[in-house]
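Remarks on the structure that follows.
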Amino acid sequence: MKVRRHLWFKRDMESAVRFYTSLLPDSSIGWISLIPANSPSGPAGSAKLAGFTLGGQHFMAIEAGPLDPCDYGSSITVECATHAEANRLRSALLEKGTIEPNGLLRDGWGLYWDISPKQSLIAADRAGTARAAHAAPSTARSSSGGLAAAARG
Numbered sequence: 012m013k014v015r016r017h018l019w020f021k022r023d024m025e026s027a028v029r030f031y032t033s034l035l036p037d038s039s040i041g042w043i044s045l046i047p048a049n050s051p052s053g054p055a056g057s058a059k060l061a062g063f064t065l066g067g068q069h070f071m072a073i074e075a076g077p078l079d080p081c082d083y084g085s086s087i088t089v090e091c092a093t094h095a096e097a098n099r100l101r102s103a104l105l106e107k108g109t110i111e112p113n114g115l116l117r118d119g120w121g122l123y124w125d126i127s128p129k130q131s132l133i134a135a136d137r138a139g140t141a142r143a144a145h146a147a148p149s150t151a152r153s154s155s156g157g158l159a160a161a162a163r164g
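Just add 11 to the spot in the sequence shown (first one is 1) and you have the numbering used here.
Printed below as a string of structure tokens:
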């Protein structure tokens, strides 16, 4: 049995998958294909499917027109080894994306990302963790150094 996250794209799924896999190590596209027969998603050839690996995790994606938009209830969380790595990913995603009021990044395809360096996610003291959590929306996670500074007090 395998459990995979499935992403639904209104448009441009192949570009999104190619972009995502270019950002993270241990990422690749396994396959991309068109839906061969009429389906609830539309006539033959109107939708694309993809299987890909992102940071060692398996995903599936479909491009089949509008459905419910992505929301805060679901995001891809990336724990980076360094602040520099986190900042590189944020910068790449923000080229066509936005920073949401809750601190998540929303990329150009509408998918939410939570990117933090490992040391920001786990603080040795509870007060430091609380300060970082409180600061996250105001720093908008656009600077991992800002969260680390908040955790230190």
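The beta carbon of each residue, even a glycine, is placed where N, CA and C say it ideally should be.
Buried versus exposed, by CB contacts within 10 Å (16 or more), residue i
i: His17; result: exposed
i: Pro54; result: exposed
i: Val14; result: exposed
i: Asp118; result: buried
i: Gly4; result: Only positions 12 to 164 of the chain appear in this structure, which leaves residue 4 out of reach.
i: Gly41; result: exposed
Straight-line Cα distance separating residue j from residue i
i: Trp124; j: Arg99; result: 13 Å
i: Gly76; j: Ser57; result: 9 Å
i: Ile46; j: Lys59; result: 6 Å
i: Leu122; j: Ile87; result: 8 Å
i: Pro80; j: Arg22; result: 12 Å
i: Glu96; j: Ser85; result: 22 Å
i: Leu34; j: Val28; result: 10 Å
i: Ile43; j: Thr64; result: 12 Å
i: Pro128; j: Phe20; result: 28 Å
i: Tyr31; j: Leu116; result: 14 Å
i: Ser26; j: Leu78; result: 19 Å
Residues bridged to residue i (per DSSP)
i: Cys91; result: Pro128
i: Gly62; result: Trp42 and Met71
i: Trp19; result: Ile73
Simplified DSSP assignment, three categories, for residue i
i: Leu45; result: strand
i: Val14; result: coil
i: Ser33; result: helix
i: Ser85; result: coil
i: Leu78; result: coil
i: Leu115; result: coil
i: Ser57; result: coil
- Item | Cβ contact check for the segment 103 to 112 and the segment 61 to 73: 3 or more pairs under 8 Å | no
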